[in-house]
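Undergrad:
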Amino acid sequence: MQVPKGFIFAYALILGILYLILGFLELTEGFSIMFLPPDYHVDLLGSFIPGDLFGGFSTIVVGLVLIRPLLLSRKKYDALMYVLVGSALAVIFGVLYVLIGGANGLSAYMAGEKWIWTEDVFRFEVLLLPFSILLVPTSWSVIK
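In numbering that gives the first Met the number 0, the protein residues as written are 0 to 143.
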């Protein structure tokens, strides 16, 4: 079954906007943790938005790559390539955060410490991973 290109572009646009907003929030949280005194720390949605400068920057890049096809309305093939690359980047970062969570759990188990699994599992990159995984084979099948 062939998925319409308009649906793929709309789905990628929604996913890209989510990644862009959440990446900006993560970058803001990381900036406030690293460069501001504790009195001025910005706490955005608890542990759902971690304070990670580089994670926020990479999430913003994923969001921008997924939004880029909006500007390529006449070049459908190039636009689909941006969707494929953006969704592949999102999957790579999502899997990376799953592996980091597993490594943190294993490290805590080996050290005999308590592991707070919600901090690793409920990151938005991990929660958006299934939606990004759906976009990879769909865009690949349209490109082929």
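Idealized CB from N, CA, C, for every residue including glycine. Predicted model only: the values in this text are computed from it and were never measured.
Take the Cβ of phenylalanine 34 as the centre, count every other Cβ of all protein chains shown within 10 Å, and call the residue buried at 16 or more, exposed below.
TA: Burial call: exposed.
Undergrad: If the criterion is Cβ atoms closer than 8 Å, does the pair glutamate 25 and aspartate 42 meet it?
TA: No; because the gap between Cβ atoms is not below 8 Å, this pair is not in contact.
Undergrad: Buried or exposed for threonine 137, going by 16 or more other Cβ atoms inside 10 Å?
TA: Buried: at least 16 other Cβ atoms inside 10 Å.
Undergrad: Quick check on DSSP: helix, strand or coil for phenylalanine 121?
TA: Coil, per DSSP.
Undergrad: Do you know offhand how far proline 36's Cα is from leucine 95's?
TA: So the alpha carbons of these two residues sit roughly 30 Å apart.
Undergrad: Here's a check: name, in chain order, each residue in its chain whose Cβ is nearer than 6 Å to the Cβ of phenylalanine 8, leaving out the five neighbours to either side.
TA: Excluding sequence neighbours, phenylalanine 8 sits near Pro68.
Undergrad: Excluding the five sequence neighbours on either side, which residues of its own chain have a C-beta within less than 8 Å of the C-beta of isoleucine 142, listed in chain order?
TA: Answer for isoleucine 142: Tyr76, Leu79, Met80 and Leu83, listed in chain order.
Undergrad: Could you tell me which uninterrupted beta strand (DSSP E) segments, each at least 3 residues in length, are contained entirely in the stretch 57–141, listed from first to last along the chain?
TA: Whole beta strand (DSSP E) segments, 3+ residues: zero.
Undergrad: Please return the same chain residues whose Cβ sits closer than 6 Å to the Cβ of glycine 123, not counting the five positions on each side in sequence.
TA: The sequence shown places phenylalanine at residue 123, rather than the glycine named in the question. Excluding sequence neighbours, phenylalanine 123 sits near Leu21.
Undergrad: Among Leu128, Asn103 and Gly111, which residue has its Cα nearest to the Cα of threonine 117?
TA: Closest by alpha carbon: Asn103.
Undergrad: How many angstroms separate the CA atom of phenylalanine 92 from the CA atom of valine 2?
TA: Rounded to whole angstroms, phenylalanine 92 to valine 2 spans 25 Å at the Cα level.
Undergrad: Specify, as a first and last residue, the run of the alpha helix (DSSP H) that isoleucine 32 falls within.
TA: Segment 4–34, the alpha helix (DSSP H) holding isoleucine 32.
Undergrad: For threonine 38, which three-state DSSP category applies?
TA: Looking at the sequence itself, residue 38 is aspartate, so the reference to threonine does not match. Helix, per DSSP.
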